[in-house]
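Structure, as structure tokens:
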Amino acid sequence: MTATETETRYDHGGDEFVYVELSAAMSLPVHFTSLGITRRLAEEAIPGVEEICPSNASYMVRVDPDRLHPRDLVRELQRIEDEVGGHAEDLTVATRIVDVPIMLNDPWTHEVLMKFRDRHQDPNGTDLDYGARINGYDTTEAFIDALAASPYLVTMMGFVPGLPWCFQLVPRERQVEVPKYVRPRTETPERAFGFGGAFAVIYPVKGAGGYQLFGSAPAPIFDGEQRLPDFAENDSVVFFRHGDVINYRRVDQEEYDDVRAQVDAGTWRYSYKELEFSPSRFLADPDGTNAAMKEVLYG
Amino acid sequence: MTIRVQDPGLETTVQDTGRLGYYSIGFPPSGALDSFAYHVGNALVGNEPGAAALEAVYLGPTLEFTQDTVIAVTGADIPAFVDGEEIPTWESVAVSSGSVLSFGQLRSGARPYVAVAGGIDVPLYYGSRSTYTLVGIGGFEGRALRAGDELAIGSDARDPKAGRRLDAGDVPVHPSTAEVHLLVGLHSYRLTDDSLARFTDTEWKVTPDANRVGYRFRGAELEFVPREQPFGAGSDPANVTDCGYPVGSVQVPGGVEPIVLLQDAVTGGGYATLGTVVSVDRDRLAQTKTGDKTRFVRVDLDGALEVRRDRLGALDRIRSALT
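So the sequences go chain by chain: A and B.
Per our numbering: the first sequence = residues 1 to 299.
Per our numbering: the second sequence = residues 1001 to 1323.
Here is the structure:
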């Protein structure tokens, strides 16, 4: 590791943002430290701190420099890191585990990804074949199994409204990693399931995108008009929250179509349960914790 | 009591100061790209500071007013007409019911603004009237205006009055080479020293891919420092572990086409960023168009704060003088 991978970097994103990179590399302990720091920062409600954006291995704060000098903010953040840093894994997070149907190797993303082979690392294959090969899987099917075998933690929200960055809750040696496209696509279907770096995402709306395309989710994660009850009841246009646990469950075309019909009828609801997530318990026993969480979800 | 859109121009949207407070779930701020022109327009017509106005690009809209009101055209240098008679810009003008506002050919800049006494009355969406067309929310039905749309005029007028004028010395000029201040940092260590120097030495040309989401430029090739990529980033040298992007940050996917993210941009992602344009200088970018040149002038944090103070101080002085 080089110094940039282990030391926290505090930097200024122009006059209105402070960017804090806890590590250049992603890991769950680093993410939990980011979570611990941003939660404490929110509690402290420092005047001039306008917005707090926790992310994977870093976080960002929008500051009003007319009320709080960005350098003074950095000093506050360093103090909080000193206070929280060593024991962030001891926090527990009140969260939800959500069942998210997903069709992998679906026809819709396949059609789009074939249009953009010239922007891809492997112009002659598909994104799934490429992902399987560079992650050492013998078959694409085995790779697909691994993608859906264990739940994911939402470690960042954004890009566009409601998009969850999901980090699979497995030890590092079992984590999938793929590059983003060499040049971003100008087209991505709505609800595409993509993968970039060590993160899975669902694209809330159609648009540009640089992630490998692996599948498609039948249920929306963004509902601008709050038509569906999951959105209307929570008075939110986005479904996921930072810290949610997502269990991507493989579905076939028949179940995919069935979910789509429920969405069209306005009756679709996600199945989810509330639970306490303990990072330290998870890190001590990943598979046991995952099995227990799935038990809570599916009974 | 409305504005009837006879011709929408190229892409005219309702904008205000923006949708702030939801960045962490992926809402970019949206809002007027040229904040100075927007704020001065509201001050000229006597509106409360956050009233919604119209932002056009390249081609102005043709608008019919169905009530007497007061308007002001600011921003890009473009001739504006009421019922065929040229009207002064950067000045409030009374229009009567049935009058039609139209525009001639853009002389310089890119985005004209139309402020109307009372503001444009569209529903608040997550606290703002700004249009965010990428996902179709806010503004007028979440989209750019079309012929036949009827916009309601609001009640945000404090003191509507014709004949308020911005001093000629305060009217921004839009040179064909814009200078914007850049605070280098974030993932600038990913670029070679040569490339970073080249970035600020180059006169960048605005490509056709320049809109409210971001501006893409051409002009030089930049190189990344080779490294073993950290876990989570992905193997491309332009990749970093996905993180938040400051509004105004500059990324260089592939090393050939720097992108400056603007008010409708994505809030995060996994491409290395080399720095951030000082917030008030996004006004200048907003008034550049395809083919124009842009130069990035390096400042440190103190320099960035000074540019900000100067520009916002001037706006405060202008607003007090107009009210």
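Think of the CB as a built atom: it goes at the ideal place given N, C-alpha and C, for glycine as much as any other residue.
Contacts around F277(A), its chain only, beta-carbon distance under 6 Å, and the 5 residues preceding and following it disregarded: V93, T95
Beta-bridge partners of K294(A), as assigned by DSSP: Partner(s): none; K294(A) has no beta bridge.
Simplified DSSP assignment, three categories, for Y1245(B): coil
V1100(B) versus Y248(A): straight-line alpha-carbon distance, rounded: 56 Å
Cβ-based contacts, 9 Å cut-off: residues of the segment 1134-1152 of chain B near chain A: L1134, V1135, G1136, I1137, G1142
Selected residue, minimal CA-CA separation from Q53(A), among G1269(B), R1311(B), D1193(B): It should be pointed out that residue 53(A) corresponds to Cys in this sequence rather than to Gln. Taking only the C-alpha atoms, the option nearest C53(A) is G1269(B).
Rounded straight-line distance, which links the Cα of E51(A) to that of P1246(B): 12 Å
Short Cβ contact (8 Å threshold) for L1044(B) with L1166(B): yes
Test: N1239(B) CB closer than 8 Å to a CB of chain A: yes
Sequence-distant residues of its chain with Cβ nearer than 6 Å to M103(A) (five each side left out): G215, S216, V251, Y256
Cβ pair G1232(B), G197(A) closer than 8 Å: yes
Cβ neighbour criterion (16 or more within 10 Å) applied to N290(A): buried
Whole runs of the beta strand (DSSP E) within the segment 1270-1316 of chain B, excluding any shorter than 3 residues: 1273-1277, 1293-1299
Contact set for P1208(B): own chain, Cβ-Cβ below 8 Å, skip 5 residues either direction: T1290
Against chain B: residues of the segment 9-32 of chain A by CB proximity under 8 Å: D11, H12, G13, G14, D15, E16, F17, Y19, E21, S23, A24, A25, M26, S27
Chain A contacts from the segment 1291-1320 of chain B (Cβ-Cβ distance under 7 Å): L1301, A1304, L1305, R1308
DSSP-derived helix/strand/coil call for H1174(B): coil
Assigned exposure category for Q253(A) - 16 Cβ within 10 Å defines buried: exposed
Alpha carbon of R1295(B) to alpha carbon of T140(A), nearest angstrom: 48 Å
Assumed close pair R1198(B), A1220(B) - CB separation to whole angstroms, cut-off 8 Å: 5 Å
Strand pairing of D99(A), partner residues [DSSP]: N247(A), S271(A)
Rounded distance between the beta-carbons of K1293(B) and S1108(B), thought under 8 Å: Wrong, their Cβ atoms sit about 13 Å apart, outside the cutoff.
Residue-chain proximity (Y1058(B), chain A), Cβ-Cβ < 8 Å: no
8 Å CB neighbourhood of G1138(B) in its chain, flanking five on each side removed: V1014, R1019, S1030, V1122, Y1125, Y1126, S1128, R1129, S1130, T1131, Y1132
Beta carbon of E1257(B) nearer than 8 Å to that of R1216(B): yes
Test item: CB-CB of M157(A) and S1024(B) under 8 Å: yes
Local conformation of N1239(B) per DSSP, three classes: strand
Backbone CA spacing between L147(A) and D138(A) [nearest angstrom]: 14 Å
Simplified DSSP state of H1187(B), which is helix, strand or coil: coil
V63(A) beta carbon near the ligand ZN (any heavy atom closer than 7 Å): Summarising the ligand content, the structure contains no ligands, and the ligand ZN is consequently not present.
Selection of the segment 208-240 of chain A by Cβ proximity to chain E, strictly under 8 Å: Among the protein chains of the structure shown, namely A and B, there is no chain E.
Residues in the segment 151-163 of chain A having any Cβ partner in chain B nearer than 8 Å: M156, M157, G158, F159, V160, P161, G162, L163
Residues of its chain near I1153(B), where Cβ-Cβ distance is below 8 Å and the 5 sequence neighbours each way are ignored: M1001, T1002, I1003, Q1067, T1069, V1116, A1117, G1118, G1119, I1120, D1121
Rounded separation between P1230(B) and A1178(B) - CA only: 37 Å
Helix, strand or coil at Q121(A) [DSSP, three-state]: coil
Terminal residues of the alpha helix (DSSP H) in which G131(A) lies: 127-134
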